[in-house]
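**Q** Have a look at this one.
In full-length UniProt numbering, the protein residues as written are 1 to 376.
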């Protein structure tokens, strides 16, 4: 049995940032439980060899979110700067391509430049996860523990978690910060007593960002398309990739990434090697034969990740307004707060939403008096 003042469920950006904020306030009586073996959640980067990059490599490519916008996402921008992380602007110089028919020549047109610019992190977004991890007491982080049940006995919240081997662990906390998507929490965690009906309904109907999507990344020795005046950006009505961008790193490795327009249900019935070849064929149509022989290409399908997606996420849907982060009455009031990105009020679903929701959750606890300014 483990007893703690606060339990954080989820080790993505929101959960790690909440842990970081607690330690910044002198509070170390907490535990962070993450179901995966690695931290990061929907942030995932790979090395040029296609291996998982835990944020310590100078070169990495994002299979999850790639961009942030410090020009208006000020809190995230300030955090990146304070952690000493190097950022750079998304490459957008040159023309873009539009593919409207399978047999027709792609249309070349003037590209778009975002203002303020879309920014990326040198080494991939995982460097942000690693920077926060280094600033949180390692003894407070437990990976490979999937929280299955939350029970409130009138005095404390019992968290029941299970590892891959079926070993059960129990933790007891005064308050729980849910750093997982609302829908995932409502559908994958058993609450006893049950959540208020209206709250459960709103969590269940909040779409999870990235959950229905899949991303394809192809790595090349150089970004050869730039030599032809192309930005690497493309749009396609044919697919399998509907949207393509330059994903090259500052060191000179070339890369293109794209989001699948093929729905999750269809991807599920297709072999990965077939999907990969169709992506290569599309890159050849757009960028020429050189695009058909990447050094390595990778598909990351978030719809098959059980700690990201549920069956409800297989269909694309509109992202609704953020749901309530906590119960306004009943036994879960003042015991449970949602801090995952989808609870961000200004940027729900984005990286900045995770920062916003985590800061709001921790600040609310401090203001309520449930946590003292420092450990007892």
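Heads up, the beta-carbon is just placed ideally off N, CA and C, and yes, glycines get one too.
Going by DSSP in three states, residue 110 sits in which element: helix, strand or coil?
**A** The residue given as residue 110 occupies position 110 in the chain shown. Of the three classes helix, strand and coil, the one that applies to residue 110 here is strand, per DSSP.
**Q** Hey, out of 50, 340, 76, 79, whose CA is closest to residue 180's CA?
**A** Stepping through the chain shown from its first residue, residue 180 is reached at position 180. Checking every option, the nearest Cα to that of residue 180 belongs to 340.
**Q** Cβ of residue 264 within 8 Å of Cβ of residue 196?
**A** Residue mapping note: residue 264 aligns to position 264 of the chain shown, counting from 1. Residue mapping note: residue 196 aligns to position 196 of the chain shown, counting from 1. Cβ atoms of residue 264 and residue 196: not closer than 8 Å.
**Q** According to the neighbour-count rule (16 or more other Cβ atoms, all chains shown, within 10 Å of its Cβ), is residue 104 buried or exposed?
**A** By 1-based counting over the chain shown, the position of residue 104 is 104. With a 10 Å radius around the Cβ and a threshold of 16 neighbouring Cβ atoms, residue 104 comes out exposed.
**Q** Work out the CA separation of residue 296 and residue 49 for me, nearest whole Å.
**A** Mapped onto the chain shown, residue 49 falls at position 49. Mapped onto the chain shown, residue 296 falls at position 296. The straight-line gap from Cα to Cα measures roughly 7 Å.
**Q** Look at residue 147 and residue 33 and say whether their C-beta atoms are less than 8 Å apart.
**A** Residue numbering aside, residue 147 sits at position 147 when the chain shown is read from its first letter. Residue numbering aside, residue 33 sits at position 33 when the chain shown is read from its first letter. The answer is yes: Cβ separation under 8 Å.
**Q** Answer with buried or exposed for residue 127, where buried requires no fewer than 16 other C-beta atoms within 10 angstroms of its C-beta.
**A** For the purposes of this step, residue 127 is taken as the residue at position 127 of the chain shown. With 16 or more other Cβ atoms within 10 Å, it is buried.
**Q** What's the C-alpha gap between residue 11 and residue 369?
**A** Within the chain shown, residue 11 is the residue found at index 11, counting from 1. Within the chain shown, residue 369 is the residue found at index 369, counting from 1. Annotation: residue 11 to residue 369 spans about 25 Å, alpha carbon to alpha carbon.
**Q** Should residue 99 go down as buried or exposed, given a rule of 16 or more other Cβ atoms within 10 Å for buried?
**A** Within the chain shown, the letter at position 99 stands for residue 99. So residue 99 counts as buried.
**Q** Is the distance from the Cβ of residue 76 to the Cβ of residue 88 below 8 Å?
**A** Here residue 76 is taken as the residue at index 76 of the chain shown, counted from 1. Here residue 88 is taken as the residue at index 88 of the chain shown, counted from 1. No, the pair does not count as a contact, with Cβ atoms beyond the cut-off.
**Q** From residue 106 to residue 278, what distance separates their C-alpha atoms?
**A** By 1-based counting over the chain shown, the position of residue 106 is 106. By 1-based counting over the chain shown, the position of residue 278 is 278. Cα to Cα, the separation comes out at about 17 Å.
**Q** For residue 308, tell me which candidate among 260, 214, 347 has the shortest Cα-Cα distance.
**A** On the chain shown, residue 308 is found 308 positions in, with the first residue counted as 1. The candidate whose alpha carbon is nearest that of residue 308 is 214.
**Q** Excluding the five sequence neighbours on either side, which residues of its own chain have a C-beta within less than 7 Å of the C-beta of residue 73, listed in chain order?
**A** Position 73 of the chain shown, counted from the first residue, corresponds to residue 73. Cβ neighbours of residue 73 beyond the five flanking positions: 347, 352.
**Q** Identify which residue in 1, 170, 232, 301 has its Cα closest to the Cα of residue 269.
**A** The residue labelled residue 269 in the question sits at position 269 within the chain shown. Of 1, 170, 232, 301, the residue nearest in Cα terms is 301.
**Q** At a cut of 8 Å, does the region 219-233 reach the region 321-329 through at least three beta carbon pairs?
**A** no
**Q** Is the beta carbon of residue 171 closer than 8 Å to that of residue 391?
**A** Any question about residue 391 goes unanswered here, given that the chain covers just 1 to 376.
**Q** In the structure shown, what three-state DSSP assignment does residue 286 receive?
**A** Translated into positions along the chain shown, residue 286 becomes position 286. Residue 286: helix per DSSP, three-state reduction.
**Q** Which stretch, first to last residue, makes up the alpha helix (DSSP H) that contains residue 80?
**A** Position 80 of the chain shown holds residue 80. That run of the alpha helix (DSSP H) goes 74-82.
**Q** With H, G and I counted as helix, E and B as strand and the rest as coil, what does DSSP make of residue 149?
**A** Sequence index remark: in the chain shown, residue 149 carries index 149 (1-based). Of the three classes helix, strand and coil, the one that applies to residue 149 here is strand, per DSSP.
**Q** Please determine if the region 236-247 and the region 280-298 are in contact, where contact requires at least 3 C-beta pairs separated by less than 8 Å.
**A** yes
**Q** Could you spell out where the alpha helix (DSSP H) holding residue 363 opens and where it closes?
**A** Counted from its first residue, the chain shown places residue 363 at position 363. Element bounds for residue 363: 351-368.
**Q** Considering only residues of the same chain and omitting the five flanking positions on each side of residue 94, which have a CB-CB separation below 7 Å?
**A** Translated into positions along the chain shown, residue 94 becomes position 94. Taken in chain order, the residues that qualify are 111, 226, 229, 230, 231.
**Q** State the Cα-Cα distance for the pair residue 97 and residue 262, rounded to the nearest angstrom.
**A** If you number the chain shown from 1, residue 97 lands on position 97. If you number the chain shown from 1, residue 262 lands on position 262. Roughly 19 Å between the two C-alpha positions.
**Q** What are the uninterrupted segments assigned as alpha helix (DSSP H) that are 4 or more residues long and contained completely in the region 220-280, given in chain order?
**A** 264-268
**Q** State the Cα-Cα distance for the pair residue 169 and residue 257, rounded to the nearest angstrom.
**A** In the chain shown, residue 169 corresponds to position 169, counting from 1. In the chain shown, residue 257 corresponds to position 257, counting from 1. Answer to the nearest angstrom: the Cα atoms are 40 Å apart.
**Q** Just to confirm, are residue 253 and residue 59 a CB contact at a threshold of 8 Å?
**A** Along the chain shown, read from residue 1 onward, the residue named residue 253 stands at position 253. Along the chain shown, read from residue 1 onward, the residue named residue 59 stands at position 59. Against a cut-off of 8 Å, the Cβ pair of residue 59 and residue 253 comes out as a contact.
**Q** With a 10 Å radius around its C-beta and 16 neighbouring C-beta atoms as the bar for buried, classify residue 342 as buried or exposed.
**A** As a first step, residue 342 is located in the chain shown; it is residue number 342 there, counting from the start. With 16 or more Cβ atoms within 10 Å of its Cβ, residue 342 is classed as buried.
**Q** Mind checking residue 24: buried by the 16 CB within 10 Å criterion, or exposed?
**A** Indexing the chain shown from 1 puts residue 24 at position 24. The residue is exposed, with fewer than 16 neighbouring Cβ atoms inside 10 Å.
**Q** Apart from the five residues just before and just after residue 52, which ones in its own chain have a Cβ nearer than 8 Å to its Cβ?
**A** As a working mapping, residue 52 is identified with position 52 in the chain shown. Closer than 8 Å at Cβ, skipping near neighbours: 38, 44, 45, 46.
**Q** Between residue 62 and residue 26, what straight-line distance do the alpha-carbon atoms span, to the nearest angstrom?
**A** The residue given as residue 62 occupies position 62 in the chain shown. The residue given as residue 26 occupies position 26 in the chain shown. Roughly 33 Å separates the two Cα atoms.
**Q** Could you round the C-beta distance between residue 117 and residue 90 to whole angstroms and report it? I think they count as a contact, below 8 Å.
**A** Here residue 117 corresponds to residue number 117 of the chain shown, with the count starting at 1. Here residue 90 corresponds to residue number 90 of the chain shown, with the count starting at 1. With 8 Å as the limit, residue 117 and residue 90 qualify as a contact, their Cβ atoms being about 6 Å apart.
**Q** Name the DSSP beta bridge partners of residue 160, please?
**A** Looking up residue 160 in the chain shown gives position 160. Looking at the DSSP assignment, residue 160 forms a beta bridge with 149, 170.
**Q** Verify whether the separation of the beta carbon atoms of residue 177 and residue 8 is less than 8 Å.
**A** Working through the chain shown from its first residue, we reach residue 177 at position 177. Working through the chain shown from its first residue, we reach residue 8 at position 8. In this structure, residue 8 lies closer than 8 Å to residue 177 by Cβ.
**Q** Just how far apart, CA to CA, sit residue 299 and residue 331?
**A** The residue labelled residue 299 in the question sits at position 299 within the chain shown. The residue labelled residue 331 in the question sits at position 331 within the chain shown. Inter-residue distance for residue 299 and residue 331 is about 43 Å (C-alpha atoms, whole angstroms).
**Q** So if DSSP puts residue 8 in a beta bridge, which residue, or which two residues, is it bridged to?
**A** Here the question's residue 8 lines up with position 8 in the chain shown. Paired residues: 32, 177.
**Q** Which stretch, first to last residue, makes up the beta strand (DSSP E) that contains residue 89?
**A** Position 89 of the chain shown holds residue 89. Run containing residue 89: 87-89, per the beta strand (DSSP E) assignment.
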